[in-house]
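Trainee: Position 113 of the sequence shown, counted from 1, bears residue number 333 in the working numbering, the numbering being contiguous throughout.
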Amino acid sequence: MAFGASRRLIPYQLRACFLGLIASGRYHYPLIHSPSPALSYLFSTLDEPSNLFDDGLSGNGDRNQRCIDERFVISELSDLLLVNPYGSVYNTLKENSIEKQMPVRAVDGFLLPEEKLRGVFLQKLNGKTAIEHALANTDVILSQDVVSKVLNTGSLGSEAMVTFFYWAIKQPSIPKDASSYNIILKALGRRGFFDSMMDVLYNMTREGVEATLEMVSIVVDSLVKGHQVSKALQFFRNLKEIGLKCDTETLNILLQCMCRRSHVGAANSFFNLTKGNIPFNVMTYNIVIGGWSRYGRHGEVEQMLKAMELDGFSPDCLTHTYLIECLGRANQIDDAVKIFDKMDENGCTPDVDAYNAMISNFICIGDFDQCLTYYERMLSNRCEPDMNTYSNLITGFLKAKKVADALEMFDEMVARIIPTTGAITSFIQLSCSYGPPHAAMLIYKKARKVGCRISKNAYKLLLMRLSLFGKFGMLLNIWNEMQESGYDPDVETYEHAIDCLCKTGQLENAVLVMEECLRQGFFPSRRTRSKLNNKLLACNRTEMAYKLWLKIKVARHQENLQRCWRAKGWHY
Numbered sequence: 221m222a223f224g225a226s227r228r229l230i231p232y233q234l235r236a237c238f239l240g241l242i243a244s245g246r247y248h249y250p251l252i253h254s255p256s257p258a259l260s261y262l263f264s265t266l267d268e269p270s271n272l273f274d275d276g277l278s279g280n281g282d283r284n285q286r287c288i289d290e291r292f293v294i295s296e297l298s299d300l301l302l303v304n305p306y307g308s309v310y311n312t313l314k315e316n317s318i319e320k321q322m323p324v325r326a327v328d329g330f331l332l333p334e335e336k337l338r339g340v341f342l343q344k345l346n347g348k349t350a351i352e353h354a355l356a357n358t359d360v361i362l363s364q365d366v367v368s369k370v371l372n373t374g375s376l377g378s379e380a381m382v383t384f385f386y387w388a389i390k391q392p393s394i395p396k397d398a399s400s401y402n403i404i405l406k407a408l409g410r411r412g413f414f415d416s417m418m419d420v421l422y423n424m425t426r427e428g429v430e431a432t433l434e435m436v437s438i439v440v441d442s443l444v445k446g447h448q449v450s451k452a453l454q455f456f457r458n459l460k461e462i463g464l465k466c467d468t469e470t471l472n473i474l475l476q477c478m479c480r481r482s483h484v485g486a487a488n489s490f491f492n493l494t495k496g497n498i499p500f501n502v503m504t505y506n507i508v509i510g511g512w513s514r515y516g517r518h519g520e521v522e523q524m525l526k527a528m529e530l531d532g533f534s535p536d537c538l539t540h541t542y543l544i545e546c547l548g549r550a551n552q553i554d555d556a557v558k559i560f561d562k563m564d565e566n567g568c569t570p571d572v573d574a575y576n577a578m579i580s581n582f583i584c585i586g587d588f589d590q591c592l593t594y595y596e597r598m599l600s601n602r603c604e605p606d607m608n609t610y611s612n613l614i615t616g617f618l619k620a621k622k623v624a625d626a627l628e629m630f631d632e633m634v635a636r637i638i639p640t641t642g643a644i645t646s647f648i649q650l651s652c653s654y655g656p657p658h659a660a661m662l663i664y665k666k667a668r669k670v671g672c673r674i675s676k677n678a679y680k681l682l683l684m685r686l687s688l689f690g691k692f693g694m695l696l697n698i699w700n701e702m703q704e705s706g707y708d709p710d711v712e713t714y715e716h717a718i719d720c721l722c723k724t725g726q727l728e729n730a731v732l733v734m735e736e737c738l739r740q741g742f743f744p745s746r747r748t749r750s751k752l753n754n755k756l757l758a759c760n761r762t763e764m765a766y767k768l769w770l771k772i773k774v775a776r777h778q779e780n781l782q783r784c785w786r787a788k789g790w791h792y
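1) Suppose contacts are defined by Cβ-Cβ distances below 9 angstroms. Is F575 in contact with T615 by that definition?
2) For T641, collect the residues of the same chain with a Cβ closer than 6 angstroms to its Cβ; drop the 5 residues on either side in sequence, then sort them by chain order.
3) Can you round the beta-carbon distance between Q448 and F414 to whole angstroms, since I take them to be within the 8 angstroms contact cut?
4) Anyone know if the C-beta pair for L474 and I438 falls short of 9 angstroms?
5) So S400 and Q364 are in contact, right, with Cβ under 8 angstroms, and what is the actual spacing, rounded?
6) Is I498 helix, strand or coil when you go by DSSP?
7) Am I right that F617 and M598 are in contact with their C-beta atoms under 8 angstroms? What's the rounded C-beta distance?
8) Go ahead and pull the three-state DSSP assignment for T593.
9) Please list the terminal residues of the continuous alpha helix (DSSP H) segment that includes G725.
10) Out of curiosity, what's the CA-to-CA distance linking S646 and G347?
11) Within 8 angstroms, do at least three Cβ pairs link the stretch 734-751 to the stretch 694-707?
12) Quick check on C477: buried or exposed, where buried means 16 or more other Cβ atoms within 10 Å of its Cβ?
13) If you run the structure through DSSP and keep just helix, strand and coil, what is P333?
14) In the DSSP assignment, find the unbroken alpha helix (DSSP H) run with G522 in it and report its ends.
15) Quick check on the DSSP output: the alpha helix (DSSP H) that includes Q703 runs from which residue to which?
16) What whole-angstrom Cβ distance do L695 and C720 have, given they're in contact under 8 angstroms?
17) With 16 as the cutoff for other CB atoms within 10 Å, does R685 come out buried or exposed?
18) So which of T383, T373 and G374 has the shortest CA-CA distance to A350?
19) Along the chain, where does the alpha helix (DSSP H) that runs through G616 open and close?
20) Does DSSP classify R783 as helix, strand or coil?
21) Nearest-angstrom Cα distance between H483 and G374?
22) What residue range does the alpha helix (DSSP H) around D467 cover?
23) Using the Cα positions of T541 and A354, report the straight-line distance between them to the nearest angstrom.
24) Comparing C-alpha positions only, which one of S368, V370, A380 and P333 sits nearest to I361?
25) Taking C-alpha atoms, which residue in K369, V370 and V429 lies nearest to A398?
26) Tell whether a beta-carbon distance below 9 angstroms holds between L543 and S513.
27) Give me, in chain order, the residues of the same chain whose beta-carbon lies closer than 7 angstroms to that of M417; leave out the 5 immediate sequence neighbours on both sides.
28) Pairs of beta-carbons, one from the stretch 559-578 and one from the stretch 522-542, closer than 8 angstroms: are there three or more?
29) Return the chain-ordered list of same chain residues with a C-beta closer than 7 angstroms to the C-beta of I403, the five sequence neighbours on each side being excluded.
30) So S580 is in the alpha helix (DSSP H); what residue range does that whole segment cover?
31) Do you know how far the Cα of V502 is from the Cα of E427?
32) Can you list, in chain order, the residues of its chain with a C-beta nearer than 8 angstroms to that of L756? Leave out the 5 residues immediately preceding and following it.
33) Tell me the residue span of the alpha helix (DSSP H) that contains V557.
34) DSSP on L313, reduced to helix/strand/coil?
35) To test your reading of the DSSP string, which unbroken alpha helix (DSSP H) runs of 4 or more residues are found completely within the stretch 431-477?
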């Protein structure tokens, strides 16, 4: 991309193109007309004056030339991060006086702590010492939470992640213990940097930090998730190198990770190989049985049950639960009922997991009467339902479009337990997939009344459904409550509001919302822009459509510029 802007335009470009990317309200537009009183309390920044692009709208071609010299951008980034673009931290610190650093701190304040630390690695500094000096000069108050955000977000490479972590544990606020090493091991494993993960683990043991079972679980789960099963098995065999033993506990961790990641066949084979070398317990057998039950492999489950009895172990409640689940997935509901009825005779009183397995089996075949029968039987036997019980029932009712039964069960749930945020989101998502938004609104209001935190995805689902049915008054209330919950609007929420206003014929208000969307730095989709433009032209609002098109044109240029910067890796 060619950069050839004059120095006269640089202050405006820097504000709109650089500082705006790291602060809210990235660029502002003059309003086509005064804001509507109905929207003034919602879009509170509509009447803020700004003439940042006024000269761009009045000219013919100057606004298309708003670009920034590449060397100027790199210079500003270097001042922001207190580093030299050529890698000499000493010279940078020597040249920057206290007076020069004061305005840099004001700009740096827009960045989150983890963004300041990740920004150091954008400069491609030469040498470990230069990087550590730059990290120290960010003046970030370190904590394990900040370290986790730096490592788990962004696009740092394995070398950068390890370098940052070793610098972080040298700081007094970060303990050099197993909890800190768990962060880097999990981050490297999640990104697939397995060699670096193993190097960090072995270096940890050489420095005197003892390995824990949680570390074994993190490493094995990362390897198995990355389809490195052979490496996971080799790591288990070499546990002595990190000071642990190949005993029952570590074997159960290995088998659990393999079964959870759908490598049940490999887990069963390794189970047979280690038989006689490592002592088993009931949990060892239950892990493998649970892995096969997920696929309804009744034959393999029966073999494991026979081997379990030959070793002198009696099936417990968890074993019966896995067997009931397996029979249900194999479409053998009658056999599952017989196993459930014989649990008391076998000395295993059915617990909540066993009841949940039976309820899930009947939901799969659409027999909701039996589901409610086992639910009432659970209550009569003084077995308290848990979140899984209500989640299975409500989800089943909503999928079968039994909305009244779902709402009734939801009332019982909120009377006993407070639902989780994820459960509320799944309920709202299902209820928003068909019909009017009445059921979703009832679930939302009752959940909010009992103190459940609503996720931003749930709010966006409600806004989408209300927009589809043209309920703009309710949409305004949800928007306001979303902001009260601490969620800022994004481009999707603005698009829902614009669509709803177009459906109800409030085109002037739709233009106001579009302007506010552009002023906040968002660029709506082509569908939303075309829909509003066509509505304006159909109503003979040609002048309004033209002025809005000019602003969209400037915003499109700004969006293309941001994409260019992201492609070059100049910001996050």
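Each residue gets a CB set at the ideal place from its N, CA and C atoms; glycine is no exception.
Mentor: In short:
1) According to the sequence displayed, residue 575 carries Tyr and not Phe. Against a cut-off of 9 angstroms, the Cβ pair of T615 and Y575 comes out as no contact.
2) Non-local C-beta neighbours of T641 in its own chain, meaning closer than 6 angstroms and more than five positions away in sequence, comprise R673 and S675, ordered along the chain.
3) Sure, about 6 angstroms apart at Cβ, within 8 angstroms.
4) Cβ atoms of L474 and I438: not closer than 9 angstroms.
5) Between Q364 and S400 the Cβ distance is about 6 angstroms, and since that is below 8 angstroms, they are a contact.
6) DSSP places I498 in strand when its eight states are reduced to three.
7) At roughly 17 angstroms, the Cβ-Cβ gap does not stay under 8 angstroms, so F617 and M598 are not in contact.
8) Secondary structure of T593 (DSSP, three-state): helix.
9) Under the DSSP assignment, G725 falls outside any alpha helix (DSSP H); it carries neither an H nor an E label.
10) CA-CA distance, S646 to G347, rounds to 49 angstroms.
11) Under the 8 angstroms Cβ criterion, the stretch 694-707 does not count as touching the stretch 734-751, having fewer than three qualifying pairs.
12) The residue in question, C477, is buried, as its Cβ has 16 or more Cβ neighbours within 10 Å.
13) Residue state for P333 is assigned as helix, using DSSP reduced to three classes.
14) The sequence as given places Glu at residue 522; Gly does not occur at that position. Here the alpha helix (DSSP H) through E522 covers H518 to L530.
15) That run of the alpha helix (DSSP H) goes F692 to E704.
16) Going by Cβ atoms, the distance from L695 to C720 rounds to 5 angstroms, so yes, they are a contact pair.
17) Buried, since its Cβ has 16 or more Cβ neighbours within 10 Å.
18) Selection T383, T373 and G374 evaluated against A350 yields T383 as nearest (Cα-Cα).
19) Where G616 is concerned, the enclosing alpha helix (DSSP H) stretches over M607 to K619.
20) In the three-state reduction of the DSSP assignment, R783 falls in the helix class.
21) Distance from the CA of H483 to the CA of G374, rounded to the nearest whole angstrom, comes to 30 angstroms.
22) From DSSP, D467 is part of no alpha helix (DSSP H); its letter is neither H nor E.
23) Near 56 angstroms, if we compare the C-alpha coordinates of A354 and T541.
24) Nearest of S368, V370, A380 and P333 to I361, Cα basis: P333.
25) Restricting attention to K369, V370 and V429, the CA atom closest to the CA of A398 is found in V429.
26) For the 9 angstroms CB-CB criterion, L543 and S513 form a contact.
27) Answer for M417: L405, L408, G409, V439 and S442, listed in chain order.
28) With the cut-off at 8 angstroms, the stretch 559-578 and the stretch 522-542 touch.
29) Once the five neighbours on either side are set aside, the close Cβ partners of I403 are Q364, V367, S368 and L371.
30) Segment V572 to C584, the alpha helix (DSSP H) holding S580.
31) Spanning the two alpha carbons is a distance of roughly 37 angstroms.
32) For L756, where only same-chain residues beyond five positions count, the Cβ hits under 8 angstroms are L727, V731, T762, M764, A765 and L768.
33) Taken as a continuous stretch (DSSP letters only), the alpha helix (DSSP H) holding V557 covers I553 to D561.
34) Because the pLDDT of L313 is 43, which lies under 50, any placement of that residue in the model is unreliable, and the question is left without a value.
35) DSSP runs (the alpha helix (DSSP H)) wholly in the stretch 431-477: 433-445 and 449-457.
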